[in-house]
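Residue numbers (the numbering used here), protein chains in the order written: chain A, 1 to 114; chain B, 1001 to 1112.
If you want it as structure tokens, here you go:
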């Protein structure tokens, strides 16, 4: 079935640094791809998504491009802020059974220092 | 805001007692999910529902049961809580057309 492999953390950056969190996937066909973010003590929030190959999802200065050639969906941000400190999860649908399920990467902890 | 609430938000219980967690949605979505989140294991699916009275098992369903008697409510029951069920539990709704899930705020459960 579909699966995702996510860059292990933790990642520590200084404010205004460039961020990349790697995510690669194995899938049948071209499913939608997602990035979720979890701030301390909260539930997961959808950060961005891309629904087909070559699409770019973007939100809050974060971007990720759906690249079928490299089966990747890396998350990037040009200048991180302290408020971006969180855990980031890559995900894609498993699409088994009677409901669409998501499978998640293991999460990458990002800490941004002032 | 996807209109998802979970109750209770925190609970401490003893081994062997039954526990029920509630997930409530206000937007009439068909798909609902229960996950647990543990360090080193990420997010794992416990059970899911694709309609009233329609439920199925996920990856880690042993020791858990669910019920969905109304579209808006999805209950997760630990029949006899064990310390290994200490975790953070998240409910999610699925918006099928958008292929997207939205998560509730979570319930922290401690089983002593």
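Ideal placement from N, C-alpha and C gives every residue a C-beta, glycine not left out.
Counting along the chain, where does the beta strand (DSSP E) carrying residue 89(A) start and finish? Where residue 89(A) is concerned, the enclosing beta strand (DSSP E) starts and stops at 86-93.
With burial defined as no fewer than 16 other Cβ atoms inside 10 Å of the residue's Cβ, what is the status of residue 104(A): buried or exposed? Counting Cβ neighbours within 10 Å, residue 104(A) comes out buried, since at least 16 surround it.
For residue 1074(B), go through chain A and note every residue whose CB falls closer than 7 angstroms to its CB, in chain order. None at all; the shortest Cβ gap to chain A is about 12 angstroms.
Along the chain, where does the beta strand (DSSP E) that runs through residue 1007(B) open and close? Run containing residue 1007(B): 1004-1007, per the beta strand (DSSP E) assignment.
Could you list which residues in chain A have their beta carbon closer than 7 angstroms to that of residue 1101(B), in chain order? Using a Cβ-Cβ cut-off of 7 angstroms, residue 1101(B) is close to 102 of chain A, given in chain order.
Are the stretch 58-72 of chain A and the stretch 1006-1025 of chain B touching by the rule of at least three beta carbon pairs closer than 8 angstroms? Short answer: they don't touch.
Residue 98(A) versus residue 1102(B) - alpha carbon distance: Here residue 98(A) scores only 45 on pLDDT, less than 50, and its place in the model is too uncertain to base an answer on.
Quick one: grab the DSSP three-state call for residue 1085(B). DSSP places residue 1085(B) in the helix class (H, G or I) of the three-state scheme.
Quick check on residue 97(A) - is its C-beta less than 7 angstroms from some C-beta in chain B? For residue 97(A), the pLDDT reaches just 48, beneath the cut-off of 50, and the residue's location in the model is therefore unreliable, leaving the point undetermined.
Mind pulling the chain E residues with CB within less than 9 angstroms of residue 1105(B)? In the structure shown, chain E cannot be found, because the protein chains are A and B.
Where the stretch 1035-1051 of chain B meets chain A: residues whose CB sits under 7 angstroms from a CB there: If the cut-off is 7 angstroms between Cβ atoms, the stretch 1035-1051 of chain B has 1042, 1043, 1045, 1048 and 1050 near chain A.
I'd like to know if residue 1(A) contacts chain B, where contact means its C-beta is closer than 7 angstroms to some C-beta of that chain. Closer than 7 angstroms: no.
Interface partners of residue 106(A) on chain B, CB under 7 angstroms: Those within 7 angstroms of residue 106(A) in chain B are 1042.
CA-CA distance, residue 1056(B) and residue 50(A)? So the two alpha carbons sit approximately 28 angstroms from each other.
Quick one: list the residues of chain B neighbouring residue 10(A), beta-carbon separation under 7 angstroms, in chain order. Those do not exist, as residue 10(A) stays about 12 angstroms from chain B at its closest Cβ, beyond 7 angstroms.
DSSP on residue 120(A), reduced to helix/strand/coil? Because residue 120(A) is not part of the residues shown, which for chain A are 1 to 114, the question remains open.
Count the other CB atoms, across all protein chains shown, that sit within 10 Å of the CB of residue 1007(B); report buried if there are 16 or more and exposed otherwise. With fewer than 16 Cβ atoms within 10 Å of its Cβ, residue 1007(B) is classed as exposed.
Given that a residue counts as buried once 16 or more other Cβ atoms are within 10 Å of its Cβ, and exposed if not, what is residue 39(A)? Exposed, because fewer than 16 other Cβ atoms sit within 10 Å of the Cβ of residue 39(A).
Quick one: what's got a C-beta closer than 6 angstroms to residue 1108(B)'s C-beta in the same chain, skipping five residues either side? Same-chain partners within the cutoff: 1010 and 1088.
Where residue 81(A) falls, given that 16 or more other Cβ within 10 Å makes a residue buried: Its Cβ having fewer than 16 others within 10 Å, residue 81(A) is exposed.
Going along the chain, which residues of the stretch 1064-1096 of chain B sit with their C-beta nearer than 7 angstroms to a C-beta in chain A? The stretch 1064-1096 of chain B vs chain A, Cβ under 7 angstroms: 1090, 1094 and 1096.
DSSP has residue 76(A) in a bridge; who is on the other side? Bridge partners of residue 76(A): 20(A) and 63(A).
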